[in-house]
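No gaps in the numbering here: position 194 of the first sequence is 191 in the working numbering, and each next residue is one more.
Report on one structure; see the data block that follows.
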Amino acid sequence: MGRQPCCDKLGVKKGPWTAEEDKKLINFILTNGQCCWRAVPKLAGLRRCGKSCRLRWTNYLRPDLKRGLLSEAEEQLVIDLHARLGNRWSKIAARLPGRTDNEIKNHWNTHIKKKLLKMGVDPVTHEPLHKQLLSEEAEAPSSDASHSQESGNRCAAENDSIINSEANSSSSRPPENCSSDDSLLLDNICKNESLGKSMWIDEAALVDESWENICHVGLPSVEENSCAWLLDCQDFGIHDFGLDCFSDIEFNVLNTLEMGENIN
DNA sequence: AAGTTGGTCAACCGCATCAAC
DNA sequence: TGTTGATGCGGTTGACCAACT
């Protein structure tokens, strides 16, 4: 016998989350921590699938999430990482603090893809389109689509080792074999300190760090990302969760939120 | 003003992998 | 050690909104 099913399909609610459901989920996770998603809906009093709860938390409710469009530097980083990793959005997201795989995937499909096409770059292979046309002409016609996918995967596999070795290195020094594109990227990253830091940090460390902030510190320091954090709080209604670690300033923001909720 | 189209993004679906039994 | 469920991930869908006709 294996485990119990994650949720009985009967009576499970689907569709958009209400503010009330969000509150219940946040309250539960802040109180009990992030464990065993199967049990979360029941314990939190939600008629949702555990999977749905996890998704809602990781993609929308996590306090360390950034909001708004990706910056130029972030976008450039996504493009570079996509060239290395392919469509492995979770890996890419792990290197952009405060961004989710879903968010990056959406941004890629709606913005970056078009941008690259406009620039004459194939968003799948990251090769110039004219160059690709020439190589496709030279190849057998049956190998086109599968080839680009395959080469993308191969590229991703090759780059796994690159990325892993980067991650294992605690130094902020770039890899010695980086291309001119990489150098350009690094310039962008260096302009954005937080990005620069995250670029070389191990993924697990990133996750742990963000969770440490929530569980033990309560809030990031005022200097670091205070605006982003306060904006996040607006989405939460954290004052309802019995946390006493917020300053008056933050409560002012939360009052604003409350007004918004009353409208809903 | 009403209808249509296109863009955006939250959420769902299904598959792969891992781990519990 | 095989089976089965949990979890994570990428792909896809659909609701909502703004721009356009």
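Backbone N, C-alpha and C fix where the C-beta goes; we use that ideal spot for every residue, glycine too.
These numbers come from a predicted model, not from an experiment.
- Per the Cβ contact rule, the segment 100 to 115 is in contact with the segment 65 to 81 (3 or more Cβ pairs under 8 Å).
- Contact annotation: K10 and R51 have beta-carbon atoms that are not nearer than 9 Å.
- Across the set E71, S49, A16, the C-alpha of E71 shows the shortest separation from the C-alpha of R96.
- Around the CB of L40, fewer than 16 other CB atoms lie within 10 Å, so the residue is classed as exposed.
- Sixteen is the threshold: when 16 or more other Cβ atoms of the shown chains lie within 10 Å of the Cβ of P94, as they do, the residue is buried.
- Between P38 and S49, the C-beta gap is smaller than 9 Å, which places the two residues in contact.
- As the crow flies, the alpha-carbon of D19 is around 8 Å from that of L58.
- Shown here for G117: same chain residues with a beta carbon closer than 8 Å to its own, the five before and five after excluded, namely P125, L126, H127 in chain order.
- For E72, the uninterrupted alpha helix (DSSP H) run begins and ends at 69 to 82, by DSSP.
- Linking N24 to H123 through their CA atoms gives a straight-line distance of about 43 Å.
- DSSP lists no bridge partner for V9.
- Secondary structure of P120 (DSSP, three-state): coil.
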